[in-house]
Amino acid sequence: MEAAVTAIRVALPVPLRQHFDYLLPPELEVSIGCRVRVPFGKRELVGIVWQLAVKPDVSEQQLKPVLAVIDQTPVLPALLRQLLSFAADYYHHPLGEVLTAALPALLREGRPLADYLPRAYRLTDSGKAANLQSFSRSAKQAELWQALTTQALDEATVKSHYSGSALKQLLAKELVESFQTEIAPYHYQGLAEPALQLTADQALAVTAVNQAQGSFRPFLLEGVTGSGKTEVYLQLIPSLLELGQQILVLLPEIGLTPQTLERFSKRFRAPVLVWHSNLSDGERLNCWLQAASGSAAVVIGTRSALFLPFRKLGLIIIDEEHDLSLKQQDGFRYHARDLAIKRAALERCPILLGSATPSLESLYNCQQGRFTKLTLTARASGQAMPQLELVDLKQQVLQYGLAAQSIQQMQQQLKLGKQVMLFLNRRGFAPALSCQDCGWLTECQRCSAFTTYHKHSRQLVCHHCGATRAVPRQCGGCGSTRLAPVGQGTEQLEEHLSVLFPEVPVTRLDRDSTRRKGAFASLLAEIQQPGPRLILGTQMLAKGHHFPFVTLVVIVDVDGALYSADFRAPEQLGQLLTQVAGRAGRGHDKGKVLLQTQHPEHALLQDIMLNGYAAFARSALLERQQTLLPPCQYMALFRAEAHQSELCQQWLQQVASYCQQQPQVQQLGPLLSPLERRAGKYRWQLHLYAAQRPLLHQLLSQVLAEVSQWPLSRKIKWQLDVDALDLS
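Going left to right, the sequence shown walks through residues 70 to 797 as the numbering used here numbers them.
What follows is the structure in structure tokens.
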């Protein structure tokens, strides 16, 4: 009697929304969540076993056999597989690519996990029987042998203190052997420094989250800037460390990681690790292994840290939960905040979302009773919130984009030895170059956008597609050589500030000034020094930094975002203004914020000025409810890109026609994207809105099954973005 054929389902890292079945040879054994090597066309791929003993759609003869089983135990544990399966379904993304995104790069290559586990060296029986005279010809071999007579040494110690060639020779002589060491769970040794005294609001927040230990409960911690949200996070952790549990802290930006790591490492005698894209492949794998073994007590990371295989996760904290950087904007377009809530539910642990300017989504969840809201209403130091003042730019003669009133107040603060921060959300020297004779402007040849002039590198750069070219000698329209910068970026303002205040050092923080490794940390260290200083930068400055000596903040140009076509623009501007303003007056001195604008009467500015972000957010949420926009409705966005604009329009029209079968899903479009052309391709969008989430997702599944069969789908590049945040 023939043995039953065993077919397994394997998730492969390919952009196809389908499953792949393979024959498992009888001599091989495998578990779900393990890696296998399989043939795929003319290639071999490393995939993840997703189902065992499946009934294949094709005959046994058509199935290709699995080439090798890489793991004996799953690299993706059961609970993490549940999360990733949910993510693939919710975001309608190919499962294989979702699973691959959860693995460090080195594990995608297909080497056994044992190759990466830490090793140590010890003497064999022959080595123990040897004596010092055996190594009379090699002092280096003698040194290593002598060290190993007292104890086994780990690989890192051997590599850093002893000769590599001596080790090889001792291994070849079978006097020394290597063995795999266990990564043991961490051992908590208490606080390294005492905790701070909590305010009443902070103590209430800590108590509420502590009481939810061991169960799933989402909390929103809304605390004004400087109210001590980080101290709340820190004081939630000791009780979990005593139980041997692990904590995940998600941050939106790499730039915030060093200062957060420093505070956490100083507080606890337990391993605090980091995870972000600037780490090497080896460093990321090490963090992955330590999370999986329980050796890492706290992991501080950017959004993909969400997929680490924690052994015993007890709490998830998301700082700056409103930040757009938590949403992946290409490939697998997931939102780390939303998936973290799902993970907390699976892990049965509390999750705390912190922000001075919570997203309308989180505030809506509080309204609906899904989240518990905790509030910190005052600054932890007892300092007053900064005073906001509008500076009307109409009928004013500006000096380098600054009003006389702004310059005067800057001078006053600098004379007192204080620091002044200027916020301008445009990097480069100028947004474009213009011809003084005919008005021609430098444009990107591949995008419907102007190219930014970068004076230091003598280049025109497109900040949308990254294209660079040399600064032209002549106008592209009339041939004139009279080209001049139009508008002002951070590079130009830095130059002008050095003229206005020649004695005062200027620190510029933007993507250009922080490109070199270590540059960001050294610039932050400059700002932490007392004494007069001008700090200038882009959105980077708004992200939760503590600048104790800044007493005045000047927001150079508020108006750029006041009249955007994006329905989220008012919310994002309100968050940005509040966050930037929150950098003022965090030390001993009172803070002040100047908002320069041509439209001081604008309702949004008046609302923020008079009532603060919390009141503004309430009215913005009411407006969303009245206009049936997210978060009060569920949204998905189809994007299409092609070198021919009409192909995108036709394809999206087909999608729109198909969606008409579900009248409860409203449509907007097809319409041209605000940035019509990027990197040489025209861009169109179709928005879908529904009051019920299951209805929308059911329709999306049906559409995706259809579009793969349309000939037009092969002529364009298209994406689906569920819960889209970027409408550009």
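For glycine and all other residues, C-beta sits at the position ideal for the given N, C-alpha and C.
9 Å Cβ cutoff met for residue i and residue j
| i | j | result |
| --- | --- | --- |
| residue 412 | residue 428 | no |
| residue 245 | residue 192 | yes |
| residue 621 | residue 482 | yes |
| residue 290 | residue 424 | yes |
| residue 686 | residue 421 | no |
| residue 488 | residue 596 | yes |
| residue 578 | residue 610 | yes |
| residue 563 | residue 575 | yes |
| residue 309 | residue 383 | yes |
| residue 665 | residue 471 | yes |
| residue 229 | residue 190 | no |
| residue 479 | residue 570 | yes |
| residue 635 | residue 494 | no |
Bounding residues of the beta strand (DSSP E) (the contiguous stretch that carries residue i)
| i | result |
| --- | --- |
| residue 704 | 703-711 |
| residue 624 | 619-624 |
| residue 504 | 501-504 |
| residue 745 | 734-747 |
| residue 246 | 245-249 |
| residue 401 | Segment: none, residue 401 is in no beta strand (DSSP E) and carries neither H nor E. |
| residue 321 | It is not in any beta strand (DSSP E) - residue 321 carries neither H nor E in the DSSP assignment. |
7 Å CB neighbourhood of residue i in its chain, flanking five on each side removed
| i | result |
| --- | --- |
| residue 81 | 89, 109, 114, 116 and 165 |
| residue 278 | 288, 305, 419 and 421 |
Whole-angstrom distance between residue j and residue i, CA atom to CA atom
| i | j | result |
| --- | --- | --- |
| residue 71 | residue 129 | In this predicted model, residue 71 has a pLDDT of only 41, less than 50, meaning its place in the structure is not dependable; the value taken from the coordinates is given anyway. Their backbone Cα atoms lie some 13 Å apart in a straight line. |
| residue 753 | residue 703 | 20 Å |
| residue 777 | residue 784 | 12 Å |
| residue 567 | residue 603 | 9 Å |
| residue 547 | residue 469 | 29 Å |
| residue 538 | residue 387 | 40 Å |
| residue 600 | residue 264 | 29 Å |
| residue 134 | residue 78 | 12 Å |
| residue 653 | residue 670 | 24 Å |
| residue 210 | residue 204 | 6 Å |
| residue 498 | residue 590 | 23 Å |
| residue 724 | residue 772 | 7 Å |
| residue 688 | residue 682 | 10 Å |
| residue 314 | residue 226 | 29 Å |
| residue 556 | residue 674 | 23 Å |
| residue 492 | residue 691 | 30 Å |
| residue 791 | residue 188 | 44 Å |
| residue 713 | residue 554 | 33 Å |
| residue 473 | residue 606 | 21 Å |
| residue 297 | residue 220 | 47 Å |
| residue 726 | residue 126 | 31 Å |
| residue 391 | residue 300 | 19 Å |
Proximity to residue i [Cα-Cα], best of the options
| i | options | result |
| --- | --- | --- |
| residue 504 | 521, 473, 544 and 487 | 544 |
| residue 356 | 366, 346, 342 and 349 | 342 |
| residue 323 | 511, 188, 344 and 306 | 344 |
| residue 85 | 293, 635 and 167 | 167 |
| residue 759 | 142, 794, 295 and 698 | 698 |
| residue 400 | 788, 796 and 794 | 788 |
| residue 657 | 284, 83 and 618 | 618 |
| residue 739 | 706, 300, 660 and 435 | 706 |
| residue 377 | 391, 414, 318 and 396 | 318 |
| residue 206 | 238, 549 and 194 | 238 |
| residue 274 | 292, 316 and 606 | 292 |
| residue 746 | 766, 152, 717 and 467 | 717 |
| residue 764 | 146, 101 and 159 | 159 |
| residue 287 | 311, 757 and 441 | 441 |
| residue 223 | 200, 199, 242 and 250 | 250 |
| residue 311 | 335, 271, 254 and 200 | 254 |
| residue 198 | 242, 156 and 592 | 242 |
For residue i, the first and last residue of its enclosing alpha helix (DSSP H)
| i | result |
| --- | --- |
| residue 649 | 638-650 |
| residue 298 | 298-305 |
| residue 687 | 672-696 |
| residue 759 | First-last for residue 759: 750-759, but that is the beta strand (DSSP E), not the alpha helix (DSSP H). |
| residue 582 | Premise fails: residue 582 is in no alpha helix (DSSP H) and is neither H nor E. |
Cβ shell of residue i (< 8 Å), same chain only, five flanking positions each side left out
| i | result |
| --- | --- |
| residue 98 | 138 |
Own chain, CB closer than 6 Å to residue i, minus 5 neighbours either side, in chain order
| i | result |
| --- | --- |
| residue 762 | 703 |
| residue 365 | 340, 342 and 359 |
| residue 385 | 317, 409, 413 and 420 |
| residue 793 | 706 |
Any non-hydrogen atom of the ligand NAP closer than 8 Å to residue i Cβ
| i | result |
| --- | --- |
| residue 446 | Judged by which ligands are present, the structure shown has none, so any question about the ligand NAP falls away. |
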